[in-house]
Amino acid sequence: MNMKKLLAVVLCLAMLLPVIALGEGDGRVHITYSFWGNQTEAESVQAALDAYNASQDKVFVEPMQIPNEQYTETLVNYAIANQLPDCGMVNENAVLYFSRNGVMADVSDMFAGEELQPMDCITFKDAGVPVGYSSSNEILILYYNKDMFDAANEPYPSADTPYTWDEFVAVARRLTFDENGKHPDEEGFDPGKIVQYGAFVNNWTWQMEVWALSNGGAWFSEDGNEVLINSPEAIESIQKVADLALVEHVAPLNVIPEDNGIGVGIGSGTVAMTTDGTWRLGTDFPNLGINYGIAPLPAMKEEVTICTSGLTGVFKGAHQQEAYDFVKWYTREESNWEALVLTGIWMPKSEYYYKTEEGINAWLGNEAYPFKDLETGKKVLVDYTMNNAKSACWYFTPNTQITTNEILFTALQSVWSGERTAEDVINEIYPELVEAIVVD
Amino acid sequence: MSKRGMIRYNRQETRAAWLLLLPSVIGLICITYLPMLASFALSLFSWNGLGEMKFIGLDNYIRLFTNDSKFYGSLLTTLEYAGISVLGSIVYSMIIALLLNRKVPARGFFRAVFYLPYVLPALAVYLGWKWLYDFNHGFFNYVIKLAGGTSVKFLDSSALVTPSLSLIAVWLSGNLIVIFLAGLQNVPRTYHEAAEIDGANSWQRFWKITIPCMTPIIFYNLLMSLVSNLQVITPALSLTKGGPGTGSYFMCYMLYTQAFKSHKYGYGSAISVILFVLIAIFTGILFSTSGSWIFYEGDDRE
Numbered sequence: 412m413n414m415k416k417l418l419a420v421v422l423c424l425a426m427l428l429p430v431i432a433l434g435e436g437d438g439r440v441h442i443t444y445s446f447w448g449n450q451t452e453a454e455s456v457q458a459a460l461d462a463y464n465a466s467q468d469k470v471f472v473e474p475m476q477i478p479n480e481q482y483t484e485t486l487v488n489y490a491i492a493n494q495l496p497d498c499g500m501v502n503e504n505a506v507l508y509f510s511r512n513g514v515m516a517d518v519s520d521m522f523a524g525e526e527l528q529p530m531d532c533i534t535f536k537d538a539g540v541p542v543g544y545s546s547s548n549e550i551l552i553l554y555y556n557k558d559m560f561d562a563a564n565e566p567y568p569s570a571d572t573p574y575t576w577d578e579f580v581a582v583a584r585r586l587t588f589d590e591n592g593k594h595p596d597e598e599g600f601d602p603g604k605i606v607q608y609g610a611f612v613n614n615w616t617w618q619m620e621v622w623a624l625s626n627g628g629a630w631f632s633e634d635g636n637e638v639l640i641n642s643p644e645a646i647e648s649i650q651k652v653a654d655l656a657l658v659e660h661v662a663p664l665n666v667i668p669e670d671n672g673i674g675v676g677i678g679s680g681t682v683a684m685t686t687d688g689t690w691r692l693g694t695d696f697p698n699l700g701i702n703y704g705i706a707p708l709p710a711m712k713e714e715v716t717i718c719t720s721g722l723t724g725v726f727k728g729a730h731q732q733e734a735y736d737f738v739k740w741y742t743r744e745e746s747n748w749e750a751l752v753l754t755g756i757w758m759p760k761s762e763y764y765y766k767t768e769e770g771i772n773a774w775l776g777n778e779a780y781p782f783k784d785l786e787t788g789k790k791v792l793v794d795y796t797m798n799n800a801k802s803a804c805w806y807f808t809p810n811t812q813i814t815t816n817e818i819l820f821t822a823l824q825s826v827w828s829g830e831r832t833a834e835d836v837i838n839e840i841y842p843e844l845v846e847a848i849v850v851d
Numbered sequence: 014m015s016k017r018g019m020i021r022y023n024r025q026e027t028r029a030a031w032l033l034l035l036p037s038v039i040g041l042i043c044i045t046y047l048p049m050l051a052s053f054a055l056s057l058f059s060w061n062g063l064g065e066m067k068f069i070g071l072d073n074y075i076r077l078f079t080n081d082s083k084f085y086g087s088l089l090t091t092l093e094y095a096g097i098s099v100l101g102s103i104v105y106s107m108i109i110a111l112l113l114n115r116k117v118p119a120r121g122f123f124r125a126v127f128y129l130p131y132v133l134p135a136l137a138v139y140l141g142w143k144w145l146y147d148f149n150h151g152f153f154n155y156v157i158k159l160a161g162g163t164s165v166k167f168l169d170s171s172a173l174v175t176p177s178l179s180l181i182a183v184w185l186s187g188n189l190i191v192i193f194l195a196g197l198q199n200v201p202r203t204y205h206e207a208a209e210i211d212g213a214n215s216w217q218r219f220w221k222i223t224i225p226c227m228t229p230i231i232f233y234n235l236l237m238s239l240v241s242n243l244q245v246i247t248p249a250l251s252l253t254k255g256g257p258g259t260g261s262y263f264m265c266y267m268l269y270t271q272a273f274k275s276h277k278y279g280y281g282s283a284i285s286v287i288l289f290v291l292i293a294i295f296t297g298i299l300f301s302t303s304g305s306w307i308f309y310e311g312d313d314r315e
């Protein structure tokens, strides 16, 4: 055999090596868990999987990372090819879509008889029947920059009593000034040369639902069958948020919303107050270096916030039972305690952590928790969740991947830019929304 | 070689050619033509990706034309964008190519400079422009405010968003410049010299010699530019998400969101079929008129 042939044979054998190494010769059932996230999140997922894989010798869970932007469409492609992972994260707006189309296994008994019960607020329901539980709980709150309040001699927002909308706008006005130090209600104020904005209400589409509730309206009926966004209350709530930038000149313009509320708002260093989700306590604020505080959302008529969080779903398939057991283990607070709960990214999903002193102190009182003010935390994170949080619409309304994510997202941009009124836009798209929530 | 041997040799060669072509033919059929047929078939169905497929005939098309508030907006936006971008890039690239074709100092350097945008990663380019255009903190508005003007909503108004995005497309048209340059170098010097002796000024020479000699290249650039600009999607995906209104709701973006974000695969396919027909029509118009304005050297026509 000459050298060339020898080399060829060696290379061919080398190519076979990984195939041999990947063989599932360990006698375990191998299942796949899919998720989205950045490198840090991938590492924390891997840590949790390692712990599970080490805890028993029957099942081996392998991670499958999919980019967030294409997550749902990738899963759908896998489903069409009959190649779905055994379990995985599911975007909130796709939960009812997956469950109604028979892709997800029934997990309604997952926590039956358990000591730790997931809160009702984060239970996905299809026509009233539970179909899945979020892995954590997140609510929308108000973040504020303490230094900007101090500089304006303005008292901090109360953790007990939320601002009324008018108070919120008034405070925002006092915190807004142009390059000559003039406020929006002063003569000579130049809205084209604003140096500091008082407020930014995150207009990322799904977060806008809370203002309809706050104004005494809703986007959808609680059985998920009716579109109510054309009520005067719901329409007015959208217009009021848009007017913060357009009429009051207390907020930066954000015509094409992305998941960028912190960046446009308080994180830019030029905005004093911003509404956003509680996961920001862990994902953003530790790196922002802003002396911040938290408060309940301003209330138009009702004191209300919405809760939401992604779901870890079990997909139907040959290893459904193994996946079910893993998901049950994985979505316990304990399994993600250090990586996700104590870092401030997840708030617990079980009532125990909100209703008992012991449970509350376990996370909120923990030294590692990024938000250090326990008393404020109890009011704004715990009591606010227990007393004022309602499920976001995708917990009970089908096809939000069409309604909120597509139709409303595109249409509302004309409201944010000030080209059309909320009333005009909502009335125009109302028939499309009604048609879209009808289940195929 | 005998005649028979020649035939056998030819046949062998043909067989070898087919064998070698096979992978690309299979590829073309499997990744281009079959999916095209499939998406046409899919456009006659209602399908959400996971559930049952329901045959609904032409309903998707009827809906698009009669009952979709965004479809006509999307169509117009796409045409407006393609129109401005194609004309803009052809004129811009022609001017730059003419300048670069002269004996300017550091010509090679400038050629690279104008070609560079074309090879930059698209996403990076669009994110850079996003910062330039931004309403609150953008560079353009910073300059405008310094000069005493008021901020302009480059991407935040439905009237300005399409021209603003077209400007990026024009800026990105470095590939057209390169092709024009190659064409300019092929314009025979003798024509110019003869015209010069006859007393034609440079403007006359440009209109009567350069442009006619360049028409085949202009045609090619026009065609390529038109097809790619009608299929625009990246600026909507990376910058504007289709808005405001339908200001950047390009047809490709619409079909992408309808099919892959809203899971209306049949509906999205119908849009793709319409886009295909639209491109076919424009290409057809371009080809059918080409005989009357393209000048081929060695051609006898006036």
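First to last, the protein sequences are chains A and G. Quick note, our numbering runs 411 ahead of the 1-based positions in the first sequence. Quick note, our numbering runs 13 ahead of the 1-based positions in the second sequence. The beta-carbon is built from N, C-alpha and C at its ideal position, and this holds for glycine as well.
Could you tell me how far apart the beta carbons of residue i and residue j are, in whole angstroms, since I believe they sit closer than 8 Å?
i	j	result
Ser648 (chain A)	Trp615 (chain A)	Their Cβ separation, rounded to whole angstroms, is 15 Å, which puts Ser648 (chain A) and Trp615 (chain A) out of contact at 8 Å.
Asp164 (chain G)	Phe152 (chain G)	According to the sequence as given, residue 164 (chain G) is Ser; it is not Asp. The Cβ separation is near 12 Å, so there is no contact.
Thr175 (chain G)	Tyr94 (chain G)	5 Å
Ser275 (chain G)	Glu817 (chain A)	5 Å
Leu708 (chain A)	Ile552 (chain A)	6 Å
Ser305 (chain G)	Phe232 (chain G)	In fact, because the Cβ distance is near 11 Å, the residues do not count as touching under 8 Å.
For residue i, report the span of its alpha helix (DSSP H) as first-last.
i	result
Lys143 (chain G)	135 to 146
Val652 (chain A)	643 to 657
Gly187 (chain G)	187 to 199
Ala110 (chain G)	84 to 114
Lys158 (chain G)	152 to 159
Asn799 (chain A)	795 to 799
Thr79 (chain G)	72 to 79
What separation, rounded to the nearest whole angstrom, lies between the Cα atoms of residue i and residue j?
i	j	result
Arg439 (chain A)	Ser59 (chain G)	41 Å
Phe560 (chain A)	Arg585 (chain A)	10 Å
Thr832 (chain A)	Ile717 (chain A)	25 Å
Thr686 (chain A)	Ile837 (chain A)	23 Å
Glu659 (chain A)	Ile157 (chain G)	23 Å
Pro809 (chain A)	Gly829 (chain A)	30 Å
Ser632 (chain A)	Glu733 (chain A)	36 Å
Val826 (chain A)	Lys143 (chain G)	21 Å
Gly70 (chain G)	Leu57 (chain G)	5 Å
Glu480 (chain A)	Asn665 (chain A)	20 Å
Ile292 (chain G)	Ala847 (chain A)	30 Å
Val612 (chain A)	Ser466 (chain A)	45 Å
Thr815 (chain A)	Ile307 (chain G)	51 Å
Tyr489 (chain A)	Thr572 (chain A)	48 Å
Met530 (chain A)	Tyr139 (chain G)	43 Å
Ser261 (chain G)	Ser241 (chain G)	16 Å
Name the two residues that bound the continuous beta strand (DSSP E) containing residue i.
i	result
Cys718 (chain A)	716 to 719
Thr443 (chain A)	440 to 446
Tyr309 (chain G)	No beta strand (DSSP E) holds Tyr309 (chain G); DSSP gives it neither H nor E.
Gln607 (chain A)	605 to 611
Met684 (chain A)	682 to 688
Val932 (chain A)	As shown, chain A starts at 412 and ends at 851. That puts residue 932 (chain A) outside it, with no answer to give.
Find the nearest neighbour of residue i within the set the options, judged by alpha-carbon distance.
i	options	result
Asp695 (chain A)	A:Asn747, A:Lys727, A:Phe782, A:Thr811	A:Phe782
Ala516 (chain A)	A:Ala523, A:Lys536, A:Gly543, A:Asp531	A:Gly543
Gly770 (chain A)	A:Val793, A:Ala779, A:Val661, A:Thr754	A:Val793
Glu578 (chain A)	A:Gly635, A:Lys712, A:Glu620	A:Lys712
Thr723 (chain A)	A:Met521, A:His441, A:Asn488	A:Met521
Lys536 (chain A)	A:Ala645, A:Pro663, A:Asn548, A:Asp634	A:Asp634
Arg743 (chain A)	A:Thr754, A:Ser761, A:Gly755, A:Phe726	A:Ser761
Val514 (chain A)	A:Cys532, A:Pro529, A:Gln494, A:Glu526	A:Gln494
Ala459 (chain A)	A:Tyr763, A:Arg691, A:Gly788, A:Phe737	A:Phe737
With a threshold of 6 Å on Cβ separation, who are the neighbours of residue i within its own chain once the five nearest residues in sequence on each side are excluded?
i	result
Tyr74 (chain G)	Ala283
Trp805 (chain A)	Glu503, Asn504, Thr811
Ile646 (chain A)	Ala833, Glu834, Ile837
Tell me which residues share the same chain as residue i and place their Cβ nearer than 7 Å to its Cβ, disregarding the 5 neighbours each side in the sequence.
i	result
Trp184 (chain G)	Pro130
Leu168 (chain G)	Tyr146, Val174, Ser177, Leu252, Thr253
Ser285 (chain G)	Ser52, Leu268
Pro566 (chain A)	none
Apart from the five residues on each side of it in sequence, which residues of its chain come closer than 8 Å, Cβ to Cβ, to residue i?
i	result
Gly434 (chain A)	No answer about Gly434 (chain A) holds up, because its pLDDT of 48 lies below 50 and its placement is not dependable.
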